[in-house]
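Enquirer:
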Ligand SMILES: Cc1cc2nc3c(=O)[nH]c(=O)nc-3n(C[C@H](O)[C@H](O)[C@H](O)COP(=O)(O)OP(=O)(O)OC[C@H]3O[C@@H](n4cnc5c(N)ncnc54)[C@H](O)[C@@H]3O)c2cc1C
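Chains as they are written, first to last, in our numbering: chain A, 1 to 88; chain B, 1 to 495.
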């Protein structure tokens, strides 16, 4: 079972490696658009990267409403927990 | 005057060029080949023209989408469209049953119901779903009040799922699904229902050929471009897009530089990546493009016959030698007869072009990697194994043709493989529709016109939908980012 810390660390790694952000930039409170220059073009790539890494499926409307890095953490954690519960 | 450079002179590139030119841009089109048009290309042997990627197009009536766009782009009056038989423009020939696809939803429903009377309700429900799905695509109905997200649910379910919900008889299912692989390159289990609905609607409005084929269409578009001051540079491959601080500044072709305020690409997104500096896009996007699947490939068989072609004068043939839709999509092999072929006689539809009326073009399913492996390191000279496979497939096709049309005498035949397609158009994998427009790669995963580099717009069949009209509409949708969607729709409606 993945711990919250592991999930958060993996999401952050995706942002750092796949979106070329500095590790220090990817703070939970960082705003995706304003601070990280992640726009709607990046959204599709991000969904694909997360879905591939975690084997979950993101809801389009939820993903579109992300404003901070923390929003991604929370949502991915919820999906991963649901998936693990379903598999258990 | 703002300057645009268009990379590629296919249907998408030429449409974008004319749209921008109409709106006050100075336009230059760069094309790597020695003829414009990309898949619109018609090649010549002893003065006889053979069409490659244009056999028919839908909605070319004066008040329909394609026809309106041709008017809007200024070429309608110089093209002669002829409608294929509205009672049956596509002739589906199965092992023990034939079906002619008529134009018009009502006629189509009636024809299916006549063949499968027990399923009249299912057919009506299926047709209704098709209509609803197609309506979700605002651009194809010149109605942008439908939000772009409304297409998503229609691209998340497959044609097969919807068919299984409404239609029972396996033969009815095959009749409805059989054309998907040749028509847009995807098997029914993976074809987005929305795509199927748009393609069906497109041809239900009427199927048309054009005199002179795609070559004529391309030439008229180029003539219009030149008349408006635009330039076409043939044998001029783009080799790099010049990007500074995240903004495109121009395009290099070897040593030549073409400055640009806007670069429009009419090539596969992976070829666009090849032109960009490594750091211009994020790794996530790069990986996604590099890992995406390109569409189906084909073997084109080009030949002339002695004999009566009237049966193909106003229709195309889809010859299925099996009822199994999966089997029909299998690549043609030198060892066995093909389970499917498409046949058109574009010349027979034209008036008074001596020599061309006996020309036939067949399409068989193929896989790029098979030919790539056979060719090994041989490059353009082609290996013995490659040539043997090609000759073997031609032989199998000849045998099948002799069975199906014993009255014809084949005069001259040659064929192209996915490697030929790649050689002439640059298309990765020789894909005839660019992208593999499957459920897994469409919907929210579809490519967008914009990329991270500002001043670059992507158009073409990999970005939009497959086919001539798909590539054309991708240019309208892409250019709407600059010229405004409402403006373009209003102009189309007024055309
Ligand atoms: C056998 C076959 C039959 C078909 N039949 C039909 C049909 O009946 N009806 C229909 O609607 N559709 C049909 N299609 C599909 C249709 O032809 C295509 O979907 C459509 O023409 C694609 O247009 P495009 O503008 O996207 O790309 P393309 O036509 O591929 O144009 C891209 C252009 O870019 C050029 N290029 C590539 N790299 C560079 C570079 N670096 N610099 C400069 N130029 C470059 C290429 O040479 C090419 O001219 C068929 C396709 C095939 C292969």
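We treat Cβ as the ideally placed atom computed from N, Cα and C, and that holds for glycine.
Chain B partners of residue 18 (chain A), CB-CB under 8 Å?
Expert: 282, 283, 284, 287
Enquirer: Give the residues of chain A in contact with residue 333 (chain B), contact being defined as C-beta atoms less than 9 Å apart.
Expert: Going along chain A, no residue has its Cβ under 9 Å from residue 333 (chain B), so there is no contact; the nearest lies around 34 Å.
Enquirer: Could you give the distance in angstroms between the alpha-carbon of residue 125 (chain B) and the alpha-carbon of residue 176 (chain B)?
Expert: 14 Å
Enquirer: Using a Cβ cut-off of 9 Å, pull out every chain A residue sitting near residue 451 (chain B), in sequence order please.
Expert: 41
Enquirer: Counting only Cβ-Cβ distances shorter than 7 Å, please list the residues of the segment 58 to 84 of chain A near chain B, keeping chain order.
Expert: Within the segment 58 to 84 of chain A, 60 place their CB atoms closer than 7 Å to a CB of chain B, listed in sequence order.
Enquirer: Looking only at C-alpha atoms, which of B:36, B:6, B:71 sits nearest to residue 488 (chain B)?
Expert: B:71
Enquirer: Can a CB atom of chain B be found closer than 8 Å to the CB of residue 35 (chain A)?
Expert: no
Enquirer: Residue 12 (chain A) CB to nearest chain B CB: under 8 Å?
Expert: no
Enquirer: Give the DSSP bridge partners of residue 240 (chain B), in chain order.
Expert: B:252
Enquirer: Curious, which full-length alpha helix (DSSP H) runs of at least 4 residues does the segment 410 to 487 of chain B contain?
Expert: 418 to 425, 467 to 483
Enquirer: State the start and end residues of the unbroken alpha helix (DSSP H) segment that holds residue 72 (chain A).
Expert: 69 to 87
Enquirer: Kindly indicate which residue of B:475, B:85, B:465, B:443 has the alpha-carbon position closest to the one of residue 158 (chain B).
Expert: Of the candidates B:475, B:85, B:465, B:443, the one whose C-alpha sits nearest the C-alpha of residue 158 (chain B) is B:443.
Enquirer: Report the residues of the segment 122 to 155 of chain B with a CB closer than 9 Å to any CB of chain A, ordered along the chain.
Expert: 149, 152
Enquirer: List the endpoints of the continuous alpha helix (DSSP H) containing residue 17 (chain A).
Expert: 4 to 18
Enquirer: With DSSP run on the structure shown, which of helix, strand or coil describes residue 48 (chain A)?
Expert: Correct three-state label for residue 48 (chain A): helix.
Enquirer: Should residue 201 (chain B) go down as buried or exposed, given a rule of 16 or more other Cβ atoms within 10 Å for buried?
Expert: buried
Enquirer: I need the DSSP call for residue 231 (chain B), collapsed to helix, strand or coil.
Expert: strand
Enquirer: What residue from B:4, B:235, B:136, B:166 has the CA that sits closest to residue 424 (chain B)'s CA?
Expert: B:235
Enquirer: Going along the segment 230 to 253 of chain B in order, which residues come within less than 8 Å of chain A, judged by CB to CB distance?
Expert: none
Enquirer: Give a yes or no on whether the minimum CB-CB distance between residue 290 (chain B) and chain A is below 8 Å.
Expert: no
Enquirer: Taking DSSP as the reference, what is the three-state secondary structure of residue 40 (chain A)?
Expert: helix
Enquirer: Where do the N-terminal and C-terminal ends of the beta strand (DSSP E) with residue 46 (chain B) fall, by residue?
Expert: Premise fails: residue 46 (chain B) is in no beta strand (DSSP E) and is neither H nor E.
Enquirer: Quick check: residue 44 (chain B) and residue 210 (chain B), are their CB atoms within less than 8 Å of each other?
Expert: no
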